[in-house]
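Under my numbering, the first residue of the sequence shown is numbered 21, with each subsequent residue one higher.
Please read the structure below before turning to the comments.
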Amino acid sequence: MQGPDILLLDEPTNHLDLETTRWLEEYLKGTDETVVLISHDRAFLENVCDHILHVEAHSGTAYLGGYTAFLEQRAHRQLEQQRAFVQQRKTIDKQEDYIRRHLAGQNSKQAKGRRKILSRLPRLTPPPGEEDSMALRLDVGERGGDQVAVAEKLRLAVGDRVLIENFFAIVQRGDVIGFIGPNGAGKSTLLRALVGDRATEGGEIRLGGSITPAYYRQDLTQVPANQSLYDVINDLRPMWGRGAIQGHLGRFGFSGDAVQRSAATLSGGERARVALAMIMLSRANLLLLDEPTNHLDVESIEALEDAVERYEGTVFLVSHDRALLRALANRVWILHDRHITDFDGSFAEWETVSAEREHAASVAAAEEQESRRVREKQKTRAGAKDGKKDTAPRRRSREEIATAESEVAKREARVAELTTMLADPELYNRGNGGKRAASLGAELEREKTQLERAFAAWERAIAAE
Ligand SMILES: Nc1ncnc2c1ncn2[C@@H]1O[C@H](COP(=O)(O)OP(=O)(O)OP(=O)(O)O)[C@@H](O)[C@H]1O
Ligand SMILES: [Mg+2]
């Protein structure tokens, strides 16, 4: 609204729902302003950026292109840097060897000369490693029952606003549920009800037998604010010695004096790492992760991704990080308008079928407009036609019009039918739902083309009348 010349955005997609993130993407792609944005949302970076500045090892490197282009160029650069470093190392070793052997002999002068040059040679450094990213590992203590969580006729509300109603579900061991939905819809509230943090307003949601949850809260309040990091870990592992505690914090990037810092002074990303350090010690068999990638840098997100991929328990993943959801979720819950659609497939599959659905909805809207136009034209024509005499050609063209009209009506009915079928979220829950949706989508495309032809034929018939 301010009409700035430059937009500075610091992690704008944290907490944002998918729809708003997509809106922001479109806005930023269309704007003429210069945009400088900090983000660790890989899908967002890929869609929006045309330059990347990567800060690493106390220095910034500029790359041209989006996120994928950056990854490729960086990998290439690292390889080159590594090669050059190894090559230089070899040269130096060889020269040092020469100098050692010849310093006292006949070629002493030469050896000294080389020593001088060698001492001035700028030394290359190896490419920065990944020592900054965290070493997260998620182990399951006890295996736990096969039924991890159950919801029956669940109803959640705040004040007189209903967030979720009449929800039934069974979560099986090993599920990785990507839980999505608009901001303020009630995702975090459902997780809180699941761990018994809040009551339900009807029905129930409960954990199965021998299920021990670890809860990564969206607001990170599980990290005690006024304790040192050292004490936080010490409280969780009273039997550990100093070395073990420092070692554990070291895995998450806190070394030396940093372990004495209090959580209140930490940056968003640092606090997120402490939360994960705490979860690692829980050995829980159910992870409730509420927007875990907010604040985390890409390396840490990838470390989290790897750890969850290897994890053998069950996971609820509330997230709007599309790259993460694509990598992990094998089941998707979509909270919309008080109902949760339980999609039995990966997030990528969900993206495909929901794009299909959106497409169907927009086609339906366009068709509706088109047929309204036709009906209006028909009305005008009916009015203008009065008083004209019937002749053979006129009768023929009227027949053509009638045929074209019935063709239009038939196609329209089929388009409407297909659109309704595609718009039904339940379609995607049946076995083969994805395939069926794709074939319905393809049929819709064909019908749409036919409908366009029918309209064209009708228009020709009208013109000839
Ligand atoms: N204690 C409370 N008092 C009043 N309203 C509340 C309270 N707790 C939650 N709400 C409201 O309930 C709704 C659901 O909140 P919730 O945190 O579950 O949303 P969410 O789906 O997790 O959203 P987001 O994507 O923004 O994290 C929100 O509109 C929120 O403002
Ligand atoms: Mg939330």
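All C-beta atoms in this analysis are idealised placements derived from N, C-alpha and C, irrespective of residue type, glycine included.
At a threshold of 7 Å, Leu308 does not count as near ligand 1, since its beta carbon sits no closer than that to any of the ligand's heavy atoms. Per the Cβ contact rule, the region 152-160 is not in contact with the region 179-197 (fewer than 3 Cβ pairs under 8 Å). Gly454 places its beta carbon less than 8 Å from that of Thr372. Judged by DSSP in its simplified three-state form, Leu36 adopts coil rather than helix or strand. Pro142 carries a coil assignment under DSSP once its states are collapsed to helix, strand and coil. Of the other Cβ atoms in all chains shown, fewer than 16 fall within 10 Å of the Cβ of His35; this residue is therefore exposed.
For ligand 2, a non-hydrogen atom lies closer than 7 Å to the CB of Gln238. Here Leu306 is bridged, per DSSP, to Pro233, Thr334. When Cβ pairs closer than 8 Å are counted between the two stretches, the region 63-77 is seen not to touch the region 97-104, the count staying below three. Uninterrupted beta strand (DSSP E) stretches at least 3 residues long and entirely within the region 177-204 occur at 181-192, 196-200, given in chain order. Of the candidates Arg120, Asp364, His340, the residue whose Cα lies closest to the Cα of Thr33 is His340. Within 7 Å of the C-beta of Ser208 there is at least one heavy atom belonging to ligand 2. Residue state for Glu76 is assigned as strand, using DSSP reduced to three classes.
Uninterrupted alpha helix (DSSP H) stretches at least 4 residues long and entirely within the region 427-457 do not occur. Shortest Cα-Cα distance from Asp217 to any of Leu308, Leu442, Ala283 involves Leu308. Boundaries of the beta strand (DSSP E) harbouring Phe363: 359-363, taken from the DSSP string. Under the three-state reduction of DSSP output, Asp30 falls in the strand class. Fewer than three Cβ pairs drawn from the region 261-269 and the region 200-207 lie within less than 8 Å of each other, which leaves the two stretches out of contact. For Gly270, the enclosing alpha helix (DSSP H) covers residues 262-271. If you check the CB distance, Asp310 and Ser208 come in under 8 Å. By the neighbour-count criterion, in which a residue is buried when 16 or more other Cβ atoms sit within 10 angstroms of its Cβ, Met154 is buried. Taken atom to atom, the span from the alpha-carbon of Ala131 to that of Leu123 is near 5 Å.
The alpha-carbon separation between Ala234 and Met441 amounts to approximately 39 Å. Three or more beta-carbon pairs drawn from the region 315-324 and the region 290-298 are found closer than 8 Å, and the two stretches are therefore classed as touching. Apart from sequence neighbours up to five positions away, the residues of its chain that approach Leu306 with a beta-carbon distance below 8 Å are Gly164, Val168, Ala169, Leu227, Ile231, Thr232, Pro233, Ala234, Gly333, Thr334, Val335, Phe336, ordered along the chain. Rounded to the nearest whole angstrom, the CA to CA distance from Val252 to Leu301 is 11 Å. Collapsing the DSSP output to three states places Gly23 in coil. According to the DSSP assignment, Thr54 belongs to no alpha helix (DSSP H) but to the beta strand (DSSP E) extending over 54-58.
In this structure, Glu185 sits away from Arg434, with a CB-CB distance that is not shorter than 8 Å. Counting C-beta pairs closer than 8 Å gives three or more between the region 373-390 and the region 459-470, which meets the contact rule.
Here the alpha carbons of Leu84 and Leu48 stand approximately 18 Å from one another. Relative to Pro312, the option among Asp364, Leu240, Leu355, Asn246 whose CA is nearest is Leu240. Arg218 sits in coil when the DSSP states are folded into three classes, being neither helix nor strand. Scanning its chain for C-beta atoms nearer than 6 Å, with the 5 sequence neighbours on each side dropped, one finds around Val182 the residues Arg358, in chain order.
Beta-bridge pairing by DSSP links Gln247 to no other residue.
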